[in-house]
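Asker:
Number of protein chains: 2
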Amino acid sequence: MYYLGIDLGGTNIAIGLVNEEGEIVERGNAPTGRERSATLILKDMADLALEVMAKAGVGFDQITSVGVGSPGAPDVENGVIIYNNNLGFRNVPVRAELQKYLPLPVYVDNDANCAALAEGLLGAAGGVRHSVTITLGTGIGGGVIIDHKIYSGFNNAGSELGHMVIEASGKLCSCGRRGCWEAYASARGLVEMAREAAAQAPASLLYTMVDGDLSKITAKTPFDAAKQGDAVGAAVVDKYLDYLAVGVVNIINILQPEVIVIGGGVSKEGENLLVPLKEKVARECYGQEGIPTAELRLALLGNDAGIVGAALLGFPPEKRALVSLFGPGRK
Amino acid sequence: MYYLGIDLGGTNIAIGLVNEEGEIVERGNAPTGRERSATLILKDMADLALEVMAKAGVGFDQITSVGVGSPGAPDVENGVIIYNNNLGFRNVPVRAELQKYLPLPVYVDNDANCAALAEGLLGAAGGVRHSVTITLGTGIGGGVIIDHKIYSGFNNAGSELGHMVIEASGKLCSCGRRGCWEAYASARGLVEMAREAAAQAPASLLYTMVDGDLSKITAKTPFDAAKQGDAVGAAVVDKYLDYLAVGVVNIINILQPEVIVIGGGVSKEGENLLVPLKEKVARECYGQEGIPTAELRLALLGNDAGIVGAALLGFPPEKRALVSLFGPGRK
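Those protein sequences? They're chains A and B, same order as listed.
In this text, residue positions in the first sequence follow this note's numbering: the first is 727, and each later residue adds one.
In this text, residue positions in the second sequence follow this note's numbering: the first is 727, and each later residue adds one.
1) Please report the distance separating the alpha-carbon of B:Gly846 from that of B:Gly865.
2) Assuming A:Arg760 and A:Leu813 are in contact, meaning their beta carbons sit under 8 angstroms apart, how far apart are those beta carbons, in whole angstroms?
3) Using only alpha-carbon positions, find the residue among A:Glu1005, A:Pro757, A:Arg821, A:Ala782 that is nearest to A:Leu967.
4) Relative to chain B, which residues along the stretch 872–905 of chain A have a C-beta separation below 7 angstroms, given in chain order?
5) Under a Cβ-count criterion, where at least 16 other Cβ atoms within 10 Å of its own Cβ denotes burial, should B:Lys1057 be classed as buried or exposed?
6) Within 10 angstroms of the Cβ of B:Thr859, are there 16 or more other Cβ atoms? Answer buried if so, exposed if not.
7) With a threshold of 8 angstroms on Cβ separation, who are the neighbours of B:Gly736 within its own chain once the five nearest residues in sequence on each side are excluded?
8) Helix, strand or coil for B:Pro1042 per DSSP?
9) How is the beta strand (DSSP E) around B:Thr859 delimited, first residue to last?
10) Taking C-alpha atoms, which residue in A:Lys875, A:Ala920, A:Leu768 lies nearest to A:Val806?
11) Could you tell me which chain A residues have their CB closer than 7 angstroms to the CB of B:Val972, listed as they occur along the chain?
12) Confirm, please, whether the CB-CB distance from B:Gly1032 to B:Asp733 is below 8 angstroms.
13) Mind listing, in chain order, the continuous beta strand (DSSP E) runs of no fewer than 3 residues lying wholly within the stretch 760–805 of chain B?
14) Tell me, to the nearest whole angstrom, how far the beta carbon of B:Val962 is from that of B:Leu932; I am working on the premise that it is less than 8 angstroms.
15) Are the C-beta of A:Arg1046 and some C-beta of chain B separated by less than 8 angstroms?
16) Cβ of A:Leu993 within 8 angstroms of Cβ of A:Ala1025?
17) With a threshold of 8 angstroms between beta carbons, is A:Arg855 in contact with chain B?
18) Are any of the Cβ atoms in chain B nearer than 8 angstroms to that of A:Ala850?
19) Under 8 angstroms, Cβ to Cβ, is there at least one residue of chain A near B:Asn755?
20) Compile a chain-ordered list of the residues in the stretch 914–930 of chain A whose CB is closer than 8 angstroms to at least one CB of chain D.
21) Where does A:Arg855 land, buried or exposed, given buried means 16+ other C-beta within 10 angstroms?
22) How do the stretch 821–838 of chain B and the stretch 784–800 of chain B stand: do at least 3 beta-carbon pairs fall below 8 angstroms, yes or no?
23) If we cut at 8 angstroms on Cβ distances, does B:Asp964 have a partner in chain A?
24) Any beta carbon of chain A sitting closer than 8 angstroms to that of B:Gly863?
25) Would you mind telling me which residues of chain A sit closer than 7 angstroms to B:Leu710, beta carbon to beta carbon, in chain order?
26) How many angstroms separate the CA atom of B:Ile943 from the CA atom of B:Gly902?
27) Looking at chain A, is there any beta carbon in it that lies within less than 8 angstroms of the beta carbon of B:Asn976?
28) Report the rounded CA-to-CA distance for A:Gln926 versus A:Met919, giving the unit in angstroms.
29) Distance check for A:Leu970 and A:Leu1003, CA to CA, integer angstroms please.
30) Would you decide whether B:Gly1028 is buried or exposed? Buried here means 16 or more other CB atoms lie within 10 Å of its CB.
31) Could you pull the start and end residues of the beta strand (DSSP E) that B:Val834 belongs to?
32) Counting only the same chain and skipping the five closest in sequence on each side, list residues whose C-beta sits under 8 angstroms from that of A:Arg1046.
33) Give the secondary structure of B:Tyr728 by DSSP, where H, G and I count as helix, E and B as strand, and everything else as coil.
34) Assuming A:Ser895 contacts A:Asn839 under a Cβ cut-off of 8 angstroms, what Cβ separation, rounded to an integer in Å, is found between them?
35) Under 7 angstroms from any heavy atom of the ligand NAD, does the C-beta of A:Gly1040 make it?
In structure tokens:
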């Protein structure tokens, strides 16, 4: 049997036909056209599903379910996206609309949760029962997997890990609170820190690398400067990693997942990020004699996590434990 | 059938015989004598269990299980307390020792987790699937209930909610980290804040109430001063509640439990604590249109939570959902 996984993004709709091993065997892609109504967007998603099925020569009788990962707050039980600003969604009945065209069970969840499910079952945390995936992008996305399932609280609005305050009365966050982890440890937080440091140090490589045009500084710039021996760049990276570690240790102390997966743009720094982060986390951990602690790993599935995670929404519990033993994370 | 629940404290061992409704029908009590070996303490626990059974006229055939709530880090699977400083425990085989005297299944978990299980199933959060219980004592204890079960991570060391940093590079905490929630929002944190404020304001009621002897200030003092119209006391309480709210909102954003239960010494302030705390939390919450959020409630079970929660460890899953519909929290 197969599972359809749909990753609904602000720019693109990506779909995959996923087999029992969690592998994508056929793909489709279309622009979201987010200025359009939800009804039209969902019609396109269904068309794309039919196209992918035709390409793969797979009929409805060979498909267990359709899963949709969407930005926004989901009503998982009813297959509705309650609210998303970016797509202009308000109480969009994703399941009901898709079932007009696809006579299949339809599961709906938040996209960050889907990515966490994919990394948690098949990716960097494959084989593990409890994991947390953190996505270091413009903001900080998070997903919590407990017992091979997404955990997002009684209202499906949990795992807003980026909106954990780590600096009471600190920097203003986009959410309106002060001192959220996201304001410091996201790519945007890093860029802001780097720009401030460069502005203070025009002799630094961090400054000269962008010819003094601070708007050109990206999350990569301070890492690059640090690699070339720039003390200012290195200090920015070190401070950034301190903030990142504070939140990671909080997650460990609260949730004690077996694995924490780090994904998103900043995670492309790879070992340059992971090795010093691990050191800082080990130093900060509320450790107790003889008790093991969470392992930090880099995300494995990249952009496919969204599709695969959406498909996995339809995997029954016994298959989830099983598939997690064979994913790329275990190979 | 009955369940034995044992609350092992640093000073006392409290035991209860608990019925299917989660009510304590017989009790026993003995000093812990923590300077003694674990073997002797556990022997006393077994004797106490036999005594309580005799008093109630209940035989082994009428008891489903024995549950033990102990301070320290548990190995739930093997019924061992890995580590506790206060009792001097290192890898104490609680289950194996008790089973020398009691031919029954023995369950072992951390005492804060047991209290959270009791409040979560039968107490202030009775009838709810996901809840968090916070205990505001000398430190901050925490317990997380997900799907009517204790969740404490892959190593049973999770829900250290007090050791979530809310003020990076803030006050030093007893755990060695800086800025832990516990350093601000525990009874000790409150007392320290009150003493500092009183020292600066000798004309305040906060100061005169203790005749200038700051060592006499307890967690109750600033609340009492505030009630009598003292601006300095009120400011301390307000600042304390700000810190308390920061952590509560973090827990909501991460875990979205349906109910957060507030227990421990400071919670005796009752509505004086709860009403302003709710206001601050509502203001801080990362709310989204149309999404319900966690409710804050005061703990209901007091000291019995430890005994009842330990007994509940032996309740099978289907009974847990059921008992939670009939507990004192529902009456």
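Think of the CB as a built atom: it goes at the ideal place given N, C-alpha and C, for glycine as much as any other residue.
Just so we're clear, the structure is a prediction, and the values are computed from it rather than from any experiment.
Answerer: On the basis of the coordinates in this document:
1) Position 120 of the second sequence, counted from the start, is the residue given in the question as residue 846 of chain B. Position 139 of the second sequence, counted from the start, is the residue given in the question as residue 865 of chain B. Separation of B:Gly846 and B:Gly865 (C-alpha to C-alpha, rounded to the nearest whole angstrom) is 20 angstroms.
2) Residue mapping note: residue 760 of chain A aligns to position 34 of the first sequence, counting from 1. Residue mapping note: residue 813 of chain A aligns to position 87 of the first sequence, counting from 1. Contact flag correct, Cβ pair sits at about 5 angstroms.
3) Translated into positions along the first sequence, residue 967 of chain A becomes position 241. When only C-alpha atoms are compared, the closest one is A:Glu1005.
4) The stretch 872–905 of chain A vs chain B, Cβ under 7 angstroms: Ile872, Tyr877, Ser878, Gly879, Phe880, Asn881, Ala883, Gly884, Ser885, Glu886, Leu887, His889, Met890, Val891, Ile892, Glu893, Ala894, Cys901, Arg903.
5) Your numbering for residue 1057 of chain B matches position 331 in the second sequence. Note that B:Lys1057 has pLDDT 49, beneath the 50 cutoff, so the model's placement of it is unreliable and the number below is only indicative. Answer is exposed; the Cβ neighbour count stays below 16.
6) If you number the second sequence from 1, residue 859 of chain B lands on position 133. Taking every protein chain shown into account, the CB of B:Thr859 has 16 or more other CB atoms within 10 angstroms, so this residue is buried.
7) In the second sequence, counting from the first residue as 1, residue 736 of chain B sits at position 10. Within the same chain, B:Gly736 has close Cβ partners Thr758, Arg760, Pro797, Asn812, Leu813.
8) Locating residue 1042 of chain B in the second sequence gives position 316, counting from the first residue. Secondary structure at B:Pro1042: coil, using DSSP grouped into helix, strand and coil.
9) Residue 859 of chain B sits at position 133 when you count from the first residue of the second sequence. Looking at the DSSP string, the run of the beta strand (DSSP E) that includes B:Thr859 is 857–862.
10) Numbered from its first residue, the first sequence carries residue 806 of chain A at position 80. Taking each of A:Lys875, A:Ala920, A:Leu768 in turn and checking the Cα distance to A:Val806, the smallest one comes out for A:Leu768.
11) Sequence index remark: in the second sequence, residue 972 of chain B carries index 246 (1-based). Within 7 angstroms Cβ-Cβ: Val891, Ala894.
12) As a first step, residue 733 of chain B must be located in the second sequence, where it is residue number 7. As a first step, residue 1032 of chain B must be located in the second sequence, where it is residue number 306. Yes, Cβ-Cβ distance for B:Asp733 and B:Gly1032 is below 8 angstroms.
13) Counting whole runs of 3 or more residues, the stretch 760–805 of chain B contains the beta strand (DSSP E) stretches 789–796, 799–801.
14) If you number the second sequence from 1, residue 962 of chain B lands on position 236. If you number the second sequence from 1, residue 932 of chain B lands on position 206. 7 angstroms between Cβ atoms; contact.
15) One-based indexing of the first sequence puts residue 1046 of chain A at position 320. No - not a single Cβ of chain B is within 8 angstroms of the one on A:Arg1046.
16) Taking the first sequence and counting its residues from 1, one reaches residue 993 of chain A at position 267. Taking the first sequence and counting its residues from 1, one reaches residue 1025 of chain A at position 299. Here residue 993 of chain A turns out to be Ser, not Leu, going by the sequence shown. One thing to note: A:Ser993 has its Cβ within 8 angstroms of the Cβ of A:Ala1025.
17) Your numbering for residue 855 of chain A matches position 129 in the first sequence. It does: the Cβ of A:Arg855 has a partner Cβ on chain B nearer than 8 angstroms.
18) Residue numbering aside, residue 850 of chain A sits at position 124 when the first sequence is read from its first letter. Proximity of A:Ala850 to chain B, defined by a Cβ-Cβ separation below 8 angstroms, is not satisfied.
19) Counted from its first residue, the second sequence places residue 755 of chain B at position 29. Not an interface residue.
20) Among the protein chains in the structure shown, which are A and B, there is no chain D.
21) Here residue 855 of chain A refers to the residue found at position 129 of the first sequence. Buried, since its Cβ has 16 or more Cβ neighbours within 10 Å.
22) As far as the Cβ criterion goes, the stretch 821–838 of chain B touches the stretch 784–800 of chain B, which means the pair count is three or higher.
23) Position 238 of the second sequence, counted from the first residue, corresponds to residue 964 of chain B. No, no contact with chain A.
24) In the second sequence, residue 863 of chain B corresponds to position 137, counting from 1. No, because no Cβ of chain A sits closer than 8 angstroms to the Cβ of B:Gly863.
25) Not covered by the structure: residue 710 of chain B. The range shown for chain B is 727 to 1057.
26) As a position in the second sequence, residue 943 of chain B is number 217, starting the count at 1. As a position in the second sequence, residue 902 of chain B is number 176, starting the count at 1. Whole-angstrom Cα-Cα distance: 25 angstroms.
27) For the purposes of this step, residue 976 of chain B is taken as residue 250 along the second sequence, with counting starting at 1. Yes, B:Asn976 lies at the interface with chain A (some Cβ there is under 8 angstroms from its Cβ).
28) Here the question's residue 926 of chain A lines up with position 200 in the first sequence. Here the question's residue 919 of chain A lines up with position 193 in the first sequence. So the alpha carbons of these two residues sit roughly 11 angstroms apart.
29) Your numbering for residue 1003 of chain A matches position 277 in the first sequence. Your numbering for residue 970 of chain A matches position 244 in the first sequence. Their backbone Cα atoms lie some 8 angstroms apart in a straight line.
30) The sequence position of residue 1028 of chain B within the second sequence is 302, counting from 1. Of the other Cβ atoms in all chains shown, fewer than 16 fall within 10 Å of the Cβ of B:Gly1028; this residue is therefore exposed.
31) Counting from 1 along the second sequence, the entry for residue 834 of chain B is found at position 108. Unbroken beta strand (DSSP E) run through B:Val834: 832–836.
32) Taking the first residue of the first sequence as 1, we reach residue 1046 of chain A at position 320. Excluding the 5 residues flanking it on each side, A:Arg1046 has same chain C-beta neighbours closer than 8 angstroms at Leu847, His874, Lys875, Leu1038, in chain order.
33) Residue numbering aside, residue 728 of chain B sits at position 2 when the second sequence is read from its first letter. Residue state, collapsed to three classes: strand.
34) On the first sequence, residue 895 of chain A is found 169 positions in, with the first residue counted as 1. On the first sequence, residue 839 of chain A is found 113 positions in, with the first residue counted as 1. A:Ser895 to A:Asn839, Cβ: 30 angstroms. No contact.
35) Absence of the ligand NAD is noted for the structure shown, with no ligands found whatsoever.
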